[in-house]
Amino acid sequence: MYKSIFSIHNTGIAAALAMLTALATGCSSDESQWADDGNANTGQTTEVVTQMPIKIALGGYSEAEQSDADSRALPPGIGSTPGTADDGYTESKSIDAVRVIAFRRRATAKDDDANLADATEVQTPFEYDPRNDMTLTAFTDEDRTDAFYPSATHKHRVVKGQFGMSKGFEYRIVAIAYDRKEKWPYPQYGDNQVVYDGMLNVKSGTTYDEFCAKFRDYLNPVSGKDAENCWGHYLWPTVSTPTNGECLTRRLTVIPQLFYGTIYAVGDASKNPVIGYEKYVKNGIAQTTLTGTLYRGMAEVEVNIKSKHYSIIANTEWYCLLADNVLTKTNLTSYDDFKKGSEPVEPWVSKNGDKGTYTAIACQKFVKEGEMVTLKAYLLPAKTRLAVRVIFNQYPWILNGQIKAKDVVSSETATGVIEVDALNDVFYLRRNHKYVLTYTDQEVLLNESHRLD
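Numbering (mature numbering (1 follows the signal peptide of the UniProt record, and there is no 0)), first residue to last: -24 to -1, 1 to 429.
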């Protein structure tokens, strides 16, 4: 099933005319008529619309980055044992929605006559088409090959729908997959949806080149006066105890896991992202299916800690994963845009000029001593340091432990090709890669050599 922002209903007259036309020609047609709402370079009162099937699959691997078998990094879903492989199916199971977003412009006379313009040709810009903004949610499993396993079929999650192409227009279409249900894990922020209404900047007049996503981060108030809208213990355990927060931006965020892909026409070997009505519709009947495979644009970081209390009286309450370079914006015109994230979370500047740079990106409550706590976060590709903030109910109240290169570089539980500046403990996170870092002894993470103020 799919949901469209606009529910288009033909009038009785239009339906009758379509039926008479079909009877007169002896064939059926996928055409209908939409009233022109004035958006996206239109100028006519009605539009002849043909419904074209669209089929989208979630993929675990990027064709561009995983094409060389000898240099492939371990992809999403491999677990914690290097050398094993997975087709990425498991990594996509939390995804429950695919949003299809289209931009369109009037086709040129050249396009109407024969060939589509090249996608890079300077012409009228593509503008957001609200009629073809839809969310597909009915997933099925389908066996197919992909670039990583070209010789063997394996499961992919697939959604299907119908795309309305208007006569005289050409389109650029992208699809973005995500988890609709995911909420923030922090106390006091549990009602925040990770994927929120304003995350994508689409509105009437938005051009394809302007298309982007912006992720939210919140400043956690310094004082407890705003107790209803802040997580007090993240910054201070009691009014009179130190916060160990000089290293912090004092901000919290959750970056969503997004899968992204460009849609093209089946049968087009060039995978031209510009899709024109005149080329793919004949006599009101769609001549092809639209398709695309979506790949994860984020890096996944998973930190596992064997939990324990600090002492007999100081019990562990919370764990927060921190990163000191969190990018909050990405353009969405191509898959490569995910490598060019921008707008890092701003540092907190103290009165004496010191900067706190670490932002909370994941959180888990302590459950039971001896159990593994898993902190999982998605980040736009970047170079970053990582740390864990641990909160206790008694002295020392709060400790921040930096994740060190020497702890994880040679670990058998490290995956995703760990690239790190060992001198500065900076991790290089790449899109569509998973990094699993494990501490079987919490004291190693929190000892004096790892601590941050």
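C-beta atoms are modelled at their ideal positions from N, C-alpha and C, and glycine is treated no differently.
First and last residue of the uninterrupted beta strand (DSSP E) at residue i
i	result
valine 134	130 to 142
glutamine 378	374 to 378
leucine 355	348 to 355
glutamate 23	22 to 34
glutamine 418	Not the beta strand (DSSP E): glutamine 418 falls in the alpha helix (DSSP H), residues 418 to 422.
arginine 80	73 to 82
proline 320	318 to 320
threonine 111	110 to 112
lysine 359	358 to 360
phenylalanine 145	145 to 154
tyrosine 286	Per DSSP, tyrosine 286 belongs to no beta strand (DSSP E) and is neither H nor E.
lysine 305	303 to 307
aspartate 119	116 to 120
phenylalanine 235	235 to 238
alanine 245	Run containing alanine 245: none; DSSP gives neither H nor E here.
arginine 227	224 to 229
Own chain partners of residue i with C-beta closer than 6 Å, once the 5 adjacent residues on each side are dropped
i	result
isoleucine 281	Val349, Tyr415, Gln418
isoleucine 251	Tyr147, Ala241
isoleucine 367	His209, Glu293, Trp294, Ile374
valine 420	none
arginine 133	Leu34, Ser68, Phe115
Cβ-Cβ distance between residue i and residue j below 8 Å
i	j	result
proline 232	valine 279	no
glycine 346	valine 364	no
serine 318	lysine 305	yes
leucine 422	asparagine 220	no
phenylalanine 342	serine 283	yes
leucine 234	glycine 273	yes
threonine 309	aspartate 429	no
methionine 28	alanine 262	yes
tyrosine 65	lysine 136	no
alanine 353	valine 277	yes
valine 257	threonine 22	no
serine 275	arginine 407	Per the sequence presented here, residue 275 reads as alanine, with serine not at that position. Cβ distance < 8 Å, so alanine 275 and arginine 407 count as in contact.
residue 432	asparagine 328	Nothing about residue 432 can be reported from this structure: the residues present for the chain run from -24 to 429 only.
serine 326	glutamate 222	yes
tryptophan 207	tyrosine 162	yes
Neighbourhood of residue i by C-beta distance below 7 Å, restricted to the same chain and skipping five residues each side
i	result
lysine 247	Tyr240
tyrosine 371	Ala290
tryptophan 160	Gly166, Asn168, Val170, Val230
glutamate 322	Thr225
Inter-residue CB distance, residue i and residue j (contact presumed, cutoff 8 Å)
i	j	result
threonine 229	isoleucine 379	About 18 Å separates the two Cβ atoms, so there is no contact after all.
asparagine 196	arginine 156	So it is not a contact: roughly 26 Å between Cβ atoms.
glycine 237	valine 150	7 Å
leucine 351	leucine 303	Not quite, the Cβ-Cβ distance comes to about 19 Å (not below 8 Å), so this is no contact.
threonine 129	aspartate 119	4 Å
tryptophan 324	leucine 413	Not quite, the Cβ-Cβ distance comes to about 25 Å (not below 8 Å), so this is no contact.
leucine 356	phenylalanine 314	6 Å
Bounding residues of the alpha helix (DSSP H) (the contiguous stretch that carries residue i)
i	result
glycine 208	208 to 211
lysine 255	253 to 256
8 Å Cβ shell around residue i - same chain, five flanking residues per side excluded
i	result
asparagine 301	Pro320, Thr333, Ala358, Lys359, Thr360, Arg361
leucine 183	Sequence check: residue 183 is threonine here, not leucine. So the list reads Phe79, Pro101, Phe102, Glu103, Tyr104, once near-sequence residues are dropped.
alanine 73	Thr111, Leu112, Thr113, Ala153, Tyr154, Asp155, Arg156
*Spell out a yes or no on whether the segment 25 to 32 and the segment 265 to 279 are touching, meaning 3 or more CB-CB pairs, one atom from each, closer than 8 Å.*
Yes: at least three Cβ pairs fall under 8 Å.
*Tell me, please, whether the segment 138 to 146 touches the segment 178 to 193 by the rule of three or more beta-carbon pairs shorter than 8 Å.*
Result no; under three Cβ-Cβ pairs closer than 8 Å.
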